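Colleague: In the working numbering, the protein residues as written are 20 to 207. Yeah, the Cβ is synthetic: ideal placement off N, Cα and C, and Gly gets one too. This structure is a prediction, so every number in the text was calculated from the model and none was measured.
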Amino acid sequence: MSSDSYKNRYYSKQKYEAAIETLGCGFVFLFVAILSLFFLAFNFDFIGLKSWGYWLFIPAFFIMLGGVQQYYTNNKFQKAVRVAILDRSNQGAHKLEDIALEVGIKPRDVLKVLIDLRQKGFIKYRFNSETGEIILGEKVAYVKSEEYVVPPKKLSEPLETAGKGYCVYCGHQLPSEGNFCENCGSKI
Ligand SMILES: [Zn+2]
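Right, dumping it as structure tokens:
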């Protein structure tokens, strides 16, 4: 299959991202809103909170709703990827795009799900350093380079990897040859 055949394929518009920050933010709003009710009850004045604090119940509700939805999306993605891996009997070499097509989740989100599942100990895999394919059932011996600095979360362009003996994305020490990081699958 050429990579062109992937172009018109439908991927879920939902994203895989941590729900915990959103939920935490919702809890802060909820806490202050409840606090304002106590201030009202005991007639305690702090920046006038007792007179307007109850309005915070509205954002608290919607922010927490968003967090809960994200939580369910993440669970759904994790289940779909685990099923795809079970279908492959947890072995063999597979293209990330093929798994992404099957589950209808964008490849970069599938990568995030894979990392999470590996960290939780549900699955084992490494990347083929020549082809970038995912090899299921094989472990990677992660060796962190001492020179590694964690990159910023949002990158406008790929990081410079030439001449460095380690993956600039995850810090894994690289063998002298290869096009992909064995640990995180980044192109190097
Ligand atoms: Zn890496």
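Tell me where the beta strand (DSSP E) around Y144 begins and ends.
Modeller: Its beta strand (DSSP E) spans residues Y144 to F146.
Colleague: Leaving out five residues on either side along the sequence, give the residues of the same chain with a beta carbon under 8 Å from the beta carbon of S55.
Modeller: Cβ within range, chain order: L68, K69, W71, G72, Y73 and L75.
Colleague: Determine the closest residue to S108 out of K143, Q88, E166 and E36, with distance taken between C-alpha atoms.
Modeller: Comparing Cα positions, the closest option is K143.
Colleague: Output the residue ranges of the alpha helix (DSSP H) runs that lie fully inside the region 59-114 and measure 4 residues or longer, sorted by chain position.
Modeller: The qualifying runs are 68-71 and 76-106.
Colleague: Can you list, in chain order, the residues of its chain whose CB lies under 6 Å from that of P78, leaving out five sequence neighbours each side?
Modeller: These residues qualify, in order along the chain: F48.
Colleague: Taking contact to mean 3 or more Cβ pairs, one atom from each stretch, closer than 8 Å, check whether the region 85-101 and the region 33-50 are in contact.
Modeller: Counting Cβ pairs under 8 Å, three or more are found: they touch.
Colleague: Take K173 as the anchor and find which of F61, Y188 and F58 has the nearest alpha-carbon.
Modeller: Of F61, Y188 and F58, the residue nearest in Cα terms is Y188.
Colleague: By Cβ distance, which residues of its chain are closer than 8 Å to L178, with the 5 residues on each side in sequence left out?
Modeller: For L178, where only same-chain residues beyond five positions count, the Cβ hits under 8 Å are P170, V187 and Y188.
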